[in-house]
Amino acid sequence: MKIDVIGAGLAGCECAMQIADRGFEVNLIEMKPIKKSPAHHVDTFAELVCSNSLKSNDVNTAGGLLKEELRILGSHVIECADKTRVPAGGALAVDRDLFSQAVTEKVKSYKNIKIVNKIAEKAEGDITVFASGPLTDEALIGEISRLCKNDFLHFFDAAAPIITYDSIDFESAFISSRYDKGTDDYINCPMNKEEFEAFWNELVSAETAHVKDFEENMVFEGCMPVEVMAKRGMDTIRFGPLKPVGLIDPRTGRRPWAVLQLRKENNYNTMYNLVGFQTHLTWPEQRRVFCMIPALKNAEFVRYGVMHKNTYINSPDLLDKNFALVDNQNIYFAGQISGVEGYVESIASGLVAGISIANKLQGKPQIDFSTQTITGALAQYISSANGKHFQPMNANFGILDGLDHHERDKQKKKQLLASRSVEKMKQIATLIK
Ligand SMILES: Cc1cc2nc3c(=O)[nH]c(=O)nc-3n(C[C@H](O)[C@H](O)[C@H](O)COP(=O)(O)OP(=O)(O)OC[C@H]3O[C@@H](n4cnc5c(N)ncnc54)[C@H](O)[C@@H]3O)c2cc1C
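For the sequence shown, counting from 1, position 73 maps to 88 in the working numbering; every step adds exactly one.
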């Protein structure tokens, strides 16, 4: 039995390890370092292409709950994230290089995972998992089109820039957490009203990079370029990535008019990313406009923000909830290309696909991950939503089954949904060992 997983990204690594855990041999096919997509930079696996945050770790948020479910199910990639975390308040943020190295070492520690270094062009396994990501190499697109009867969609995603710590002007920056809650993990770059308005004026008129096939309104709302958001109105970014609420500038004793937050990229404190500043501006314009923020006046960019086409299949018409093609049960899709959206969601889909493949080969019944869990609800959603207007889906409470009673208090409702899900997942975990 030849099992191929194409792509050693977040989904592919999790999927390969889940299959290998259950005693099967897996070929994990990865094109790096022979070729890298425009958003991939390192040679190691499970590379985070933009933010280093895997979002909230609070189990009463949908993102936090999904991670908790994955821990219960034995996700190796989440374990690597937990081991390489950097302080980021309530979020699970990681040192992206250490994280990627940890996943690579873990994958390579398996005797029954064979790393095949090549650019995949077609499905060659008895079972093949396409986990080649939103930036799947062109060489494979023809094969995916054929298997999916050309039923493809896309949107555009942007990445935020990273700057060096040493270049931040601390005469104009301060360290503190919002509402003084949690640890002081963020560097805050305040602006007064005049500074903000000057910045906004330049931001909305700055030159954007040409992106092949870029169509207006094709950006994913959760990863919208800051300049696109700014064009919706002057206050839109003041209620978004530049929101000043809960922050007091110690030099004035007052809340600034707007604040950009910088988040640690690594535990050595050498690099910081501009939180929420995904951008489509040309590189010189990023330097010109972002350096108008006083604390960034001498900023040295380690990596500029970029925008990429993000491709996914029209999964509701194509996949079942095990992430297999309905009309070809030996072909699986996992990760962003399968119609889930986000790092952790990609890991979850890889885990579900991997367990499903192992169960099938062992002649065991398939696991029902339950629509009371985010993992199960995501699998259900991508395989059954209305395919006509299908949008990639990230973890949220809206896809879960409702409670069996009406709960008015929103926070209480989330807590109840989360504890129900955790209990359910603990039961499910006993079935998958
Ligand atoms: C620009 C951009 C920014 C994003 N920012 C975020 C963010 O901040 N937060 C978030 O939660 N999500 C973000 N996403 C969405 C998504 O979560 C990530 O893309 C995530 O990495 C998807 O995981 P994956 O496993 O599906 O793909 P990837 O992690 O991209 O892994 C795919 C792997 O397949 C390899 N590959 C591709 N084609 C071939 C081939 N033909 N043969 C062999 N190997 C191949 C690639 O080299 C890569 O290693 C972003 C996406 C993009 C495009």
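Even for Gly, the Cβ is constructed at its ideal location relative to N, Cα and C.
Please read these numbers as outputs of a predicted model, since none were measured by experiment.
In terms of residue numbering, what span does the alpha helix (DSSP H) encompassing residue i cover?
| i | result |
| --- | --- |
| R86 | 77–88 |
| N216 | 208–220 |
| I134 | Premise fails: I134 is in no alpha helix (DSSP H) and is neither H nor E. |
| T143 | Per DSSP, T143 belongs to no alpha helix (DSSP H); it is in the beta strand (DSSP E), 142–145. |
| D36 | 25–36 |
| M399 | A small correction: the amino acid at residue 399 is Ser; Met does not occupy that position in the sequence shown. Where S399 is concerned, the enclosing alpha helix (DSSP H) stretches over 389–399. |
| K439 | 425–447 |
| D156 | The question names Asp, yet the displayed sequence has Ile at residue 156. That run of the alpha helix (DSSP H) goes 153–162. |
| K98 | 91–98 |
| M244 | 241–245 |
For residue i and residue j, I'd like the C-alpha separation in whole angstroms.
| i | j | result |
| --- | --- | --- |
| Q116 | Y283 | 16 angstroms |
| N343 | N411 | 30 angstroms |
| P271 | A173 | 27 angstroms |
| I346 | N409 | 23 angstroms |
| V20 | Q33 | 12 angstroms |
| I372 | G157 | 24 angstroms |
| K325 | R266 | In the sequence as displayed, the identity of residue 325 is Asn instead of Lys. When rounded, the distance between both Cα atoms is 43 angstroms. |
| D73 | F384 | 21 angstroms |
| S124 | E62 | 18 angstroms |
| R111 | S52 | 17 angstroms |
| K208 | M239 | 24 angstroms |
| I252 | D264 | 19 angstroms |
| F211 | G255 | 14 angstroms |
| Q406 | Q387 | 21 angstroms |
| L69 | T285 | 20 angstroms |
| H295 | E242 | 8 angstroms |
| L376 | L155 | 26 angstroms |
| N401 | A394 | 14 angstroms |
| I44 | G78 | 29 angstroms |
| Y287 | H420 | 45 angstroms |
| L25 | L366 | 10 angstroms |
| E120 | D97 | 15 angstroms |
State the start and end residues of the unbroken beta strand (DSSP E) segment that holds residue i.
| i | result |
| --- | --- |
| I177 | 177–179 |
| K324 | 322–328 |
| E45 | 41–45 |
| A106 | 106–109 |
| N343 | 343–348 |
| N374 | Looking at the DSSP string, N374 is not in any beta strand (DSSP E); the run it does join, the alpha helix (DSSP H), is 358–376. |
| D172 | 167–173 |
| V317 | 316–318 |
| L275 | 273–279 |
| V74 | Careful: V74 lies outside any beta strand (DSSP E) and carries neither H nor E. |
| V304 | Not the beta strand (DSSP E): V304 falls in the alpha helix (DSSP H), residues 298–305. |
Does any heavy atom of ligand 2 sit closer than 7 angstroms to the C-beta of residue i?
| i | result |
| --- | --- |
| H323 | This structure simply doesn't include ligand 2; it includes ligand 1 instead. |
Hey, residue i and residue j are a contact pair by Cβ (cut 8 angstroms); roughly how many whole angstroms apart?
| i | j | result |
| --- | --- | --- |
| F189 | V118 | Incorrect: roughly 35 angstroms between the Cβ atoms, too far for contact. |
| R278 | A54 | R278 to A54, Cβ: 19 angstroms. No contact. |
| K379 | N75 | Going by Cβ atoms, the distance from K379 to N75 rounds to 33 angstroms, so no, they are not a contact pair. |
| D200 | P102 | 4 angstroms |
| I352 | I370 | 19 angstroms between Cβ atoms; not a contact. |
| I178 | L311 | 7 angstroms |
| T445 | E84 | With a Cβ gap of about 14 angstroms, T445 and E84 do not count as contacting. |
| L334 | I397 | 6 angstroms |
| F292 | G320 | 7 angstroms |
| N165 | F39 | Going by Cβ atoms, the distance from N165 to F39 rounds to 32 angstroms, so no, they are not a contact pair. |
Going by beta-carbon coordinates alone, are residue i and residue j separated by less than 8 angstroms?
| i | j | result |
| --- | --- | --- |
| V274 | A245 | no |
| P176 | L289 | yes |
| P309 | S187 | yes |
| M1 | D181 | What is shown of the chain runs 16 to 448, which leaves residue 1 out entirely. |
| A23 | G350 | no |
| S160 | G105 | no |
| L431 | E438 | no |
| L88 | I447 | yes |
| A224 | M322 | yes |
Are the region 162–169 and the region 193–202 touching, with three or more C-beta to C-beta distances below 8 angstroms? no
Any chance the region 307–317 sits against the region 330–348, with 3 or more Cβ pairs inside 8 angstroms? no
Could you tell me whether the region 358–365 touches the region 28–47, using the rule of 3 or more Cβ pairs below 8 angstroms? Yes, they touch.
Check whether the region 124–136 touches the region 84–96, counting contact only when three or more Cβ pairs, one atom from each stretch, lie closer than 8 angstroms. no
Meets three-Cβ-pair contact criterion under 8 angstroms: the region 298–308 and the region 136–153: Taking one beta carbon from each stretch, the region 298–308 and the region 136–153 have fewer than 3 pairs nearer than 8 angstroms; the two do not touch.
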